[in-house]
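Chemist:
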Amino acid sequence: MNRRRLGFLTLFVTLAGLLVFWASAASGVPEPPFADDEDTTPTSGVYDFSRGGGTNLTECPQAGLQGNNPQPLDKRSLDATERKSNGGSDTRVNQDYSCMPQDETALDVNPQATRNIIGGANDYRLGWGTSGFYASTDNGKTWYDGITPFPSLPSGDNLDGGGDPAIVFDRSGVAYYAQINFNRTDDTSGVWVNRSTNGGFTWTRPCVAIQQGAADQQGACGGAGDVRQPGDGTVSFQQDNDTVLNGSVPSHDKEWITAGPRPAGVDPQCFSPFAVSTIALAAGTATPKTTVPCTPGTIGSDRLYVTFSLFSGAGSAQIFLSYSDDQGRTWSTPKFIAGAAAFCAPGGRPGNACDDSQGSQPTVNPNTGQLWVGFLNGDTEDEDQYLVVTSVDGGQTFSPPSRVDTIYDVNEPRGVNGRSDCTARGQGSTRAVPTNSCFRFDPIMHSIVADKRGGAFANDVYVAIYDNRNGTIRDSNNDVFFYKSTDGGTTWIGPTRVNNDRSDAPTAANANAATNARQGARDCGRNNGTIAGTQSGCLENNFGADQFFPWLTIDTKGNLNVSFMDRRLDTDSPVGAGAWPTSKTEVGNYLVWYWGASCRISSTTEVSQTTTGSVPAGASQCVAPEAVVNPTVATGFNPAPGAVPGQGQNPATLPFRNFQVSDVGTNYDYSFRAGIFAGDYSGNTSGPIVAGPDTPVGDNGFKAGAFWTDARNGRGSGAPTSIEPGRNPICEQSDVFFDTYNIDSQSNNNGGAKGNGHADEDFLVAPCPPGIQDKGAGKH
Amino acid sequence: MRRLALLLAPLVLVAAGCGGGGATIDKQRLSSLVLTRQAVGNRYAPFYSGAQTQLDTQGTPRADPSRFGREGGWITRFHRVGPPKAPGPLVVESRADLFDGSGGAGKDLGLYREMYSSSPGDEHKALSVSVGDESVADTFVQPGQRVRFYRIAWRYENATAAVTAEGFDGKVTQRDAVRLAQSQQRRIERAAR
């Protein structure tokens, strides 16, 4: 989801652009007047509906609802798109009729009652971004939903902006919903965790305790009669200092949560409820939270870990971690965990700190309690990198970061290198977008998961990323890649391409334009050292379809479950077609399905070496034959624009079984306000985490569930149906959908996916049905 | 990628020292300074209208919302309904920014000049267009389908404004963009009275 930026950083960006302009003028080389860098704004940023996002219309397509919930009066007949959308086994999870979007999904299954599944998503049903929850107690057949309670401030205000959902159950079946909350009119923001003890139907309301000299801590959370424990659910909080939305204080973004057993020798701790400024702590001007006796009966089965990004002058975003032993009631002082390394030296931070980071995710081995945190880092010469740190003492101390691989993202299509059609639609000029579309695509959020088994697997951890190493700034071809470590996260094996469709690597022959080629092949058209360039430096070439927003989980039997957005089935949508014809520049690669991929790891061997080379046989499960040990050693930390690992892998020998999950290919141009946003990640869950009293999802424990953003109910907004007919509401909307499938590699059960696998014209251009309009009072 | 933080400190000081003359357009009139559907025609549907957000200037020299005494900005975007290759722009963007003086607006136009001095497309060409007190304009083509862009920015009193017109090459013309800019300028002049 989406946050805003700090004022001094926007000024920084402005002046960076000025500096680049000055520098390029001095060198005599014409360069675009844009910042010589990646986007320095928070990934989330505010994508919202200005002027309230009204409700002057009352109907919109509603395909995918299941069950016997009450239904509104609606005499409108279904259009062809809606009829097709209802045809498969996908279940719509959000139950609202608001005609507003839901996107950016997270999912987990209750280990104590595995028919109980909870999802979270950005939910705009109120007219602005909030955190929606979705709960099922029948294996996802039917759902109950709502908006999580907003955190309350001592002032009596509520932080009603929310998003970046993350869901986890602890081993006892208590559910936790982590999110960012913020004001839209000033810079107040933070990270909070709601708690549910009834399977996600009721959630606690977080409570900010601010020490204002009052001895009575109880009063800090809303006064007498407030039954909540002061500070309940408050992970990090930053009050604005001038009540103006101007970036005057640090900004929170992209948190994630996990749960796991406290490692041996680590005892539960509880903390003072009063929030401490993370930046003041880093500056040494504040003292850490004190430990306090835990409230009796509140110690949870697991330690909860929350990581988050904090944008400030100390780093474009630093990664912090906080933990809780009392079911999210109190939280430890946020700790900077990204560490320092030689490969972060280009960032120029003191001590080579890896301070320019985003998209963190914690994961815990449920047997040992060892914690890993993966995150993206931009303290590099050029391409970003994915790093992992680990802790064996419950988050008290961390290893230095290890480098999984380069994230080849700087050659994504963007406004600054030729996608002016997207900036005209309202997209930020440095935001990555895919070919043919304009929805935000920055490869920020990747996925990491620890093996659920002990013994030989206790040190095994897995990563799925996506990037554009097989595409160019003119023609995106993002792929999903898998990496694994069998030595606790130090040595990495990969990349293994997860999606097994055609994916051709850019070469000098197929990518470089004869003139103005600048850097070649993968980086054709790019200005050296920037994300900017000109698409004319690249030949028009369809390298393959985009796969993006992967999520990775593993069940207790070693079945890896990767799910992701996928455009491979759209092979024939024409150039100049679709909802925004000037954006549709390539045949196919437009409509979006949700896909899954699975592979089983049944044996492991520790691989620990500092050199690169072929993968030992004992560690080769779910590894492509072309993958290597330590790919970053093979390429160096600043790969040249030529061939790199992950290119040219033979689809016939890729180890992941691929299968279609969603039933229809939907059009993200209809997802949110001219198609500029469809979330930043998707979610899935895999089988039981621990054995529970109920039947696992499915009947053999191999079952998995996926939860994704789906625009099948989105339509073009045709005039004249409202005062502002092109905006949300009414017809531009995305929903969130769920389906189950089998990740046992011997099974062909893929969730009953239907569809003939091409760009169905009913989704290619889907007008807002004529019956959708404000009918006036008394009419229905 | 590597950041440039420390190198920029001198420029921060330079930028902070800018000022300007007296305001003649009140910020309460901000939303009336951009094109309306009436001005662009019934074939166009607005798909966004509101105060400018971070995304509207993100990654550009105009990214600082507090630059040069800026008091606020408004933006409206239109999408043409109907056949994509009919004459006229397919997407129109109209924006306006108000400053506490004409000096600030002039400096903002300077940033537009920097932006328009090059483009991420092909066949970039500066255009001679006269709108408001001073103006800058350019055109370029996005490769692939040859999508043509016309950009016109100008200053009037303490306001800057800009129109972007996008459409298939040969279907959208400089005249289209100028007509839209002049229409918006008339709205600004009315607001200044």
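For the protein sequence lines, the chains are A and B, in the order given.
Note that the numbering used here has the first sequence beginning at 1, numbered continuously upward.
Note that the numbering used here has the second sequence beginning at 1001, numbered continuously upward.
Virtual Cβ for every residue (Gly too), placed ideally from N, Cα, C.
Across which residues does DSSP place Gln781 of chain A in a beta bridge pair?
Modeler: Any property of residue 781 of chain A remains undetermined from this structure, which presents chain A solely from 1 to 780.
Chemist: Please check the pair Gln1185 of chain B and Gly1132 of chain B, which I expect to be a contact at CB under 8 Å, by giving their CB distance rounded to whole angstroms.
Modeler: By one-based count along the second sequence, residue 1185 of chain B stands at place 185. By one-based count along the second sequence, residue 1132 of chain B stands at place 132. About 5 Å; that satisfies the 8 Å criterion.
Chemist: On the three-pair Cβ rule with 8 Å, is the region 419-432 of chain A touching the region 339-356 of chain A?
Modeler: Cβ pair count under 8 Å is below three, so no.
Chemist: On a CA-only basis, which of A:Cys768, A:Asp186, A:Ala706, A:Val388 is nearest Gly120 of chain A? Give me that one, please.
Modeler: Looking up residue 120 of chain A in the first sequence gives position 120. The shortest C-alpha separation from Gly120 of chain A is found at A:Ala706.
Chemist: Throw me the rounded Cβ distance for the Pro1084 of chain B and Pro581 of chain A pair, which I believe falls under 8 Å.
Modeler: Position 84 of the second sequence, counted from the start, is the residue given in the question as residue 1084 of chain B. Position 581 of the first sequence, counted from the start, is the residue given in the question as residue 581 of chain A. Yes, Pro1084 of chain B and Pro581 of chain A are in contact; Cβ-Cβ is about 4 Å, under 8 Å.
Chemist: I'd like to know if Lys1027 of chain B contacts chain A, where contact means its C-beta is closer than 9 Å to some C-beta of that chain.
Modeler: One-based indexing of the second sequence puts residue 1027 of chain B at position 27. No, no contact with chain A.
Chemist: Using the three-state DSSP reduction, which class does Cys221 of chain A fall into: helix, strand or coil?
Modeler: In the first sequence, the residue the question calls residue 221 of chain A occupies position 221. Cys221 of chain A: helix per DSSP, three-state reduction.
Chemist: Can you look up Asn658 of chain A in the DSSP assignment and give me helix, strand or coil?
Modeler: Translated into positions along the first sequence, residue 658 of chain A becomes position 658. In the structure shown, Asn658 of chain A sits in a strand (DSSP, three-state: E or B).
Chemist: Give me the chain A residues within the contact set of Asp1108 of chain B, using Cβ-Cβ distance strictly less than 7 Å, ordered along the chain.
Modeler: Against the second sequence, residue 1108 of chain B aligns to sequence position 108. None at all; the shortest Cβ gap to chain A is about 11 Å.
Chemist: Are any of the Cβ atoms in chain B nearer than 9 Å to that of Pro401 of chain A?
Modeler: Taking the first residue of the first sequence as position 1, residue 401 of chain A is located at position 401. Not an interface residue.
Chemist: What are the partner residues of Arg1070 of chain B, as DSSP defines its beta bridges?
Modeler: Numbered from 1 along the second sequence, position 70 holds the residue referred to as residue 1070 of chain B. Paired residue(s): B:Phe1099.
Chemist: Among A:Phe548, A:Asn459, A:Ala532, A:Gly525, which residue has its Cα nearest to the Cα of Glu540 of chain A?
Modeler: As a working note, residue 540 of chain A is residue 540 in the first sequence. Ranking the options by Cα distance to Glu540 of chain A, first place goes to A:Gly525.
Chemist: How about the region 1144-1154 of chain B and the region 1166-1174 of chain B: do they share at least three Cβ pairs that are nearer than 8 Å?
Modeler: Because the criterion of three Cβ pairs below 8 Å is met, the region 1144-1154 of chain B and the region 1166-1174 of chain B touch.
Chemist: Could you tell me the alpha carbon to alpha carbon distance between Gly1170 of chain B and Arg195 of chain A, rounded to whole angstroms?
Modeler: Residue 1170 of chain B sits at position 170 when you count from the first residue of the second sequence. Residue 195 of chain A sits at position 195 when you count from the first residue of the first sequence. Cα-Cα distance, rounded: 59 Å.
Chemist: Would you say Ser98 of chain A and Arg115 of chain A are within 9 Å of each other, going by their C-beta atoms?
Modeler: Position 98 of the first sequence, counted from the first residue, corresponds to residue 98 of chain A. Position 115 of the first sequence, counted from the first residue, corresponds to residue 115 of chain A. It is not a contact, given that the beta carbons lie outside the stated cut-off.
Chemist: Quick one: list the residues of chain B neighbouring Thr534 of chain A, beta-carbon separation under 9 Å, in chain order.
Modeler: In the first sequence, the residue the question calls residue 534 of chain A occupies position 534. Chain B residues near Thr534 of chain A: Ser1119, Pro1120, Gly1121, Asp1122, Pro1143.
Chemist: Any beta carbon from chain A within less than 9 Å of Gly1103 of chain B's own beta carbon?
Modeler: Here residue 1103 of chain B refers to the residue found at position 103 of the second sequence. Closer than 9 Å: no.
Chemist: Have a look at His288 of chain A and Phe271 of chain A and give me their C-alpha separation to the nearest angstrom.
Modeler: Here residue 288 of chain A is taken as the residue at index 288 of the first sequence, counted from 1. Here residue 271 of chain A is taken as the residue at index 271 of the first sequence, counted from 1. Here residue 288 of chain A is Pro; the residue named in the question, His, does not match the sequence. Their Cα atoms are separated by approximately 10 Å.
Chemist: Can you tell me which residues form a DSSP beta bridge with His252 of chain A?
Modeler: Stepping through the first sequence from its first residue, residue 252 of chain A is reached at position 252. Its beta-bridge partners are A:Leu310.
Chemist: For Pro350 of chain A, which three-state DSSP category applies?
Modeler: For the purposes of this step, residue 350 of chain A is taken as residue 350 along the first sequence, with counting starting at 1. Residue state, collapsed to three classes: helix.
Chemist: Got a sec: is the Cβ-Cβ distance from Thr1164 of chain B to anything in chain A below 9 Å?
Modeler: Here residue 1164 of chain B corresponds to residue number 164 of the second sequence, with the count starting at 1. Taking Cβ atoms only, chain A reaches closer than 9 Å to Thr1164 of chain B, which makes this a yes.
Chemist: So the candidates are A:Asn559, A:Met100, A:Val661; which of them puts its Cα closest to the Cα of Cys622 of chain A?
Modeler: As a first step, residue 622 of chain A must be located in the first sequence, where it is residue number 622. Nearest option by C-alpha distance: A:Asn559.
Chemist: Do you know offhand how far Ile743 of chain A's Cα is from Asn658 of chain A's?
Modeler: To locate residue 743 of chain A, count along the first sequence from 1; it is residue 743. To locate residue 658 of chain A, count along the first sequence from 1; it is residue 658. The straight-line gap from Cα to Cα measures roughly 10 Å.
Chemist: Helix, strand or coil: how does DSSP classify Thr653 of chain A here?
Modeler: Here residue 653 of chain A corresponds to residue number 653 of the first sequence, with the count starting at 1. Looking at Thr653 of chain A - three-state DSSP - the assignment turns out to be helix.
Chemist: Give the range of the alpha helix (DSSP H) segment to which Ile167 of chain A is assigned.
Modeler: To locate residue 167 of chain A, count along the first sequence from 1; it is residue 167. Note, Ile167 of chain A: premise wrong, no alpha helix (DSSP H); beta strand (DSSP E) at 161-169.
Chemist: For Gly300 of chain A, is the classification buried or exposed, using 16 other Cβ atoms within 10 angstroms of its Cβ as the cut-off for buried?
Modeler: If you number the first sequence from 1, residue 300 of chain A lands on position 300. Looking at its Cβ environment, which holds 16 or more other Cβ atoms inside 10 Å, Gly300 of chain A is buried.
Chemist: Going by C-alpha distance, which of B:Glu1157, B:Thr1160, B:Ala1039, B:Pro1046 is nearest Val1091 of chain B?
Modeler: As a first step, residue 1091 of chain B is located in the second sequence; it is residue number 91 there, counting from the start. Comparing Cα positions, the closest option is B:Pro1046.
Chemist: In angstroms, rounded to a whole number, what distance separates the CA positions of Glu59 of chain A and Asp74 of chain A?
Modeler: Here residue 59 of chain A refers to the residue found at position 59 of the first sequence. Here residue 74 of chain A refers to the residue found at position 74 of the first sequence. Going from the Cα of Glu59 of chain A to the Cα of Asp74 of chain A covers about 8 Å.
Chemist: For Leu1055 of chain B and chain E, any beta-carbon pair shorter than 9 Å?
Modeler: Among the protein chains in the structure shown, which are A and B, there is no chain E.
Chemist: Just to confirm the assignment, what range does the alpha helix (DSSP H) spanning Gln1052 of chain B have?
Modeler: Here residue 1052 of chain B refers to the residue found at position 52 when the second sequence is read from its first residue. That residue, Gln1052 of chain B, is in no alpha helix (DSSP H); it is neither H nor E in DSSP.
Chemist: Using a beta-carbon distance below 9 Å, is Leu764 of chain A in contact with chain B?
Modeler: Looking up residue 764 of chain A in the first sequence gives position 764. By this cut-off, Leu764 of chain A is not an interface position.
Chemist: CA-CA distance, Thr81 of chain A and Pro111 of chain A?
Modeler: In the first sequence, the residue the question calls residue 81 of chain A occupies position 81. In the first sequence, the residue the question calls residue 111 of chain A occupies position 111. Computed Cα separation, rounded: 37 Å.
Chemist: In three-state DSSP terms, what is Asp96 of chain A?
Modeler: One-based indexing of the first sequence puts residue 96 of chain A at position 96. Of the three classes helix, strand and coil, the one that applies to Asp96 of chain A here is coil, per DSSP.
Chemist: Select from A:Gly88, A:Val461, A:Lys335 the residue whose C-alpha is nearest the C-alpha of Ile493 of chain A.
Modeler: As a first step, residue 493 of chain A must be located in the first sequence, where it is residue number 493. Comparing Cα positions, the closest option is A:Val461.
Chemist: Where does Pro1046 of chain B fall in DSSP's three states?
Modeler: Start at 1 with the first residue of the second sequence, and residue 1046 of chain B comes out as number 46. Pro1046 of chain B: strand per DSSP, three-state reduction.
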